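Working notes, beginning with the structure itself.
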Amino acid sequence: MLNLAGTPQLLATPEVESRELIAADLRLLIAQIETSMRRIAAAMDQEHGNDAESSADVLILDDVTPQYATASAALGACRAGLRHALQCLSKSSDA
Numbered sequence: 053m054l055n056l057a058g059t060p061q062l063l064a065t066p067e068v069e070s071r072e073l074i075a076a077d078l079r080l081l082i083a084q085i086e087t088s089m090r091r092i093a094a095a096m097d098q099e100h101g102n103d104a105e106s107s108a109d110v111l112i113l114d115d116v117t118p119q120y121a122t123a124s125a126a127l128g129a130c131r132a133g134l135r136h137a138l139q140c141l142s143k144s145s146d147a
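Per my numbering, the sequence shown starts with residue 53, numbered consecutively.
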């Protein structure tokens with residue numbers, strides 16, 4: 053859970069400052085998604101690293117990997133959407 057105690061309250065701001073706040077929020081969300089993706093990858097590695105049969109020549113099918121892969125793919129799609137939103141916001145500030 054995020055601790056927002058030190059975060060200033062959002063007030064009515066000029067358009068430029070408002071865009072900057074939105075962009076900062078988008079960057080924070082992207083960073084949180086990337087953290088979650090790294091945690092998923094680490095969990096997958098940990099589960100497969102504990103197997104005595106682990107090697108480059110052995111493929112292990114389990115019930116958990118597809119769930120992790122699906123979650124990671126969904127997070128990747130979210131990240132792509134947020135990056136697109138950030139680009140659109142950047143383009144609107146250039147106009």
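Positions of the beta carbon are idealized from the N, C-alpha and C atoms, including for glycine. Small disclaimer: the values here were computed from a predicted structure and weren't measured.
- request: Let me know if Ile85 comes out buried or exposed under the rule of 16 or more other beta-carbons within 10 Å of its beta-carbon.
  value: Against the sequence shown, residue 85 aligns to sequence position 33. Under this definition Ile85 is a buried residue.
Candidates Met96, Arg79, Ser142, Ala83: closest to Thr148 by CA position: No answer is possible for residue 148: it lies beyond the span of the chain, which begins at 53 and ends at 147.
- prompt: Hey, out of Ser88, Thr87, Thr117, whose CA is closest to Gly101's CA?
  reply: Position 49 of the sequence shown, counting from 1, holds the residue named residue 101. Ranking Ser88, Thr87, Thr117 by Cα distance to Gly101 puts Thr117 first.
query: How about Ala137 and Leu80: are their beta carbons less than 9 Å apart?
result: Taking the first residue of the sequence shown as position 1, residue 137 is located at position 85. Taking the first residue of the sequence shown as position 1, residue 80 is located at position 28. Cβ atoms of Ala137 and Leu80: not closer than 9 Å.
- prompt: Cα separation between Ser88 and Gln98?
  reply: The residue you call residue 88 lines up with position 36 of the sequence shown. The residue you call residue 98 lines up with position 46 of the sequence shown. Distance between the alpha carbons of Ser88 and Gln98: 15 Å.
- prompt: For Arg131, which residues from the same chain have a beta carbon less than 8 Å from its beta carbon, with the 5 sequence-adjacent residues on both sides left out?
  reply: Translated into positions along the sequence shown, residue 131 becomes position 79. Result list for Arg131: Ile82, Ile85, Glu86, Met89, in chain order.
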